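Data block below; observations after.
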Amino acid sequence: MYRYKTLSETQRKRISQQRMVVVHAALGLLLLVIISRLLELQVLKGGDYRALAESQHYGGVVLPAKRGEILSRNTKTGETSILATNTTLDMVYVDPLIVDDPDYVARTLAAILVTQEFHDLCSIGDDECPVELAEYYSASFDPLKRVEHFQTGALLEPMQGHIPLPAAEDIPDRDEVERLFAADIRKKISEKRVTFVPLVYGATKVQMQQMRDKAIAGMYVVESTKIIFANPEEISQLRVPGIARDITDIVKMDEDTIERLLRSRPLRYVPVMRKLSPDLALKVREAKLTSLQETNKKR
33 MYRYKTLSET QRKRISQQRM VVVHAALGLL LLVIISRLLE LQVLKGGDYR ALAESQHYGG
93 VVLPAKRGEI LSRNTKTGET SILATNTTLD MVYVDPLIVD DPDYVARTLA AILVTQEFHD
153 LCSIGDDECP VELAEYYSAS FDPLKRVEHF QTGALLEPMQ GHIPLPAAED IPDRDEVERL
213 FAADIRKKIS EKRVTFVPLV YGATKVQMQQ MRDKAIAGMY VVESTKIIFA NPEEISQLRV
273 PGIARDITDI VKMDEDTIER LLRSRPLRYV PVMRKLSPDL ALKVREAKLT SLQETNKKR
């Protein structure tokens with residue numbers, strides 16, 4: 033027969049005490065980890081998390097200053113006359129959060145805003161061409177594209193006379209511009225979060241290289257258009273204050289402005305076209321009213 037060694041009462045108590053010590057040590061270590069994490073979140077990074085939470089609930093719109101009228105008073109008669117006044121032009125924008133049919137909104141706005149007058153101005157590269165439409169008429173605004181139709185390609189070949197007008201085949205027709213403009217509007221207002229924040233237009237080679245050297249996730253450099261932009265959805269929101277300090281000298285903005293631009297937020301008020309003439313602004317308002325009436329009828 034096999035004999036089993038039995039433990040004495042003292043040995044059993046000692047083993048039990050050792051187990052309790054191990055359990056208490058593990059629980060104590062876990063408690064220390066939890067406390068240290070709470071201290072980190074509440075004390076060390078509490079301000080960052082509060083700022084992040086507030087940025088998700090509050091937003092701001094920078095309103096441009098409005099110029100007042102310049103008046104002149106006749107010292108003899110006391111009459112006041114206006115020497116100069118300010119004309120405020122409207123801007124059309126879309127709030128993606130309340131748009132039910134982005135395709136309809138895009139097609140309606142494009143049909144109103146791509147006028148024959150704008151098409152004629154943009155086709156000849158006129159300064160009165162709206163900046164929102166100029167990209168579709170790049171051949172009209174880029175002298176190099178016009179010159180290549182008339183040069184042989186020889187180095188330093190002199191130009192005879194003025195820079196020629198763009199070739200007709202390089203200029204899109206009005207219907208094509210309207211289609212492209214509508215597609216771009218639809219793409220912009222279909223987004224629900226801000227994913228494009230331009231920081232520098234016309235960036236220099238030095239600025240672009242400095243930004244590339246930083247290698248910050250969510251920051252992009254487009255050399256062809258000389259633009260530096262950010263995607264807040266790809267940027268660690270806890271690192272925003274540090275990133276703002278790091279790039280303030282590159283983008284030539286103060287830290288508070290950069291922080292505000294880099295915060296993750298819902299997409300609101302997408303600008304479609306600025307400096308609308310009173311006639312165009314009236315047409316947009318009429319289209320909005322018509323759409324509202326049709327929506328109410330459906331309800």
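The sequence shown begins at 33 in this note's numbering and counts up by one. Backbone N, C-alpha and C fix where the C-beta goes; we use that ideal spot for every residue, glycine too. These figures come from a predicted structure and were not determined experimentally.
Quick check: the Cα distance between residue i and residue j, rounded to an integer number of angstroms?
i      : j      : result
ASN106 : THR112 : 6 Å
PRO134 : ILE248 : 33 Å
SER222 : ASP278 : 32 Å
GLU149 : VAL163 : 14 Å
ALA138 : PRO298 : 20 Å
ILE67  : GLN50  : 26 Å
ASP205 : ASN328 : 36 Å
VAL55  : MET251 : 48 Å
ILE275 : GLU326 : 48 Å
ASP311 : ASP132 : 27 Å
HIS151 : GLN269 : 43 Å
GLU160 : SER172 : 13 Å
TYR168 : PRO128 : 24 Å
ASP216 : LEU70  : 46 Å
LEU187 : GLY234 : Reliability of the predicted coordinates at LEU187 is poor, the pLDDT of 39 falling under 50, and the value obtained from them is presented with this limitation in mind. So the alpha carbons of these two residues sit roughly 27 Å apart.
GLY157 : LYS220 : 26 Å
GLU208 : SER170 : 14 Å
LYS246 : ILE290 : 16 Å
LEU59  : VAL226 : 44 Å
SER296 : ARG46  : 58 Å
ARG292 : GLU72  : 24 Å
VAL304 : ILE130 : 16 Å
THR257 : ASP288 : 26 Å
LEU61  : GLN43  : 27 Å
Would you call residue i buried or exposed, if buried means 16 or more other Cβ atoms sit within 10 Å of its Cβ?
i      : result
ALA262 : buried
VAL272 : buried
MET243 : buried
LEU324 : exposed
VAL229 : buried
VAL254 : exposed
ILE267 : buried
ALA17  : The shown model of the chain, from 33 to 331, leaves out residue 17, and the question about it has no answer.
MET52  : exposed
MET123 : exposed
SER155 : buried
GLY110 : exposed
TYR136 : exposed
VAL65  : exposed
VAL75  : exposed
Taking C-beta to C-beta, are residue i and residue j nearer than 8 Å?
i      : j      : result
VAL316 : VAL126 : no
PRO264 : LEU308 : no
THR117 : GLU101 : yes
VAL232 : ILE259 : yes
PHE213 : LEU165 : yes
THR140 : ALA319 : yes
Apart from the five residues just before and just after residue i, which ones in its own chain have a Cβ nearer than 6 Å to its Cβ?
i      : result
SER40  : none
SER104 : SER113, LEU115
ARG99  : ASN118
Going along the chain, which residues of its own chain have a beta-carbon closer than 7 Å to the beta-carbon of residue i, five neighbours each way excluded?
i      : result
ARG306 : MET123
GLU210 : ALA142, ALA143, VAL146
LYS224 : PRO128, PRO298, LEU299
ARG218 : PRO134, ASP135, ALA138
ASP286 : THR280
LEU63  : none
In chain order, what residues of the same chain lie with their CB nearer than 8 Å to the CB of residue i, ignoring the 5 residues before and after it?
i      : result
THR322 : none
At least 3 beta-carbon pairs within less than 8 Å: the stretch 276-294 vs the stretch 225-241: As far as the Cβ criterion goes, the stretch 276-294 touches the stretch 225-241, which means the pair count is three or higher.
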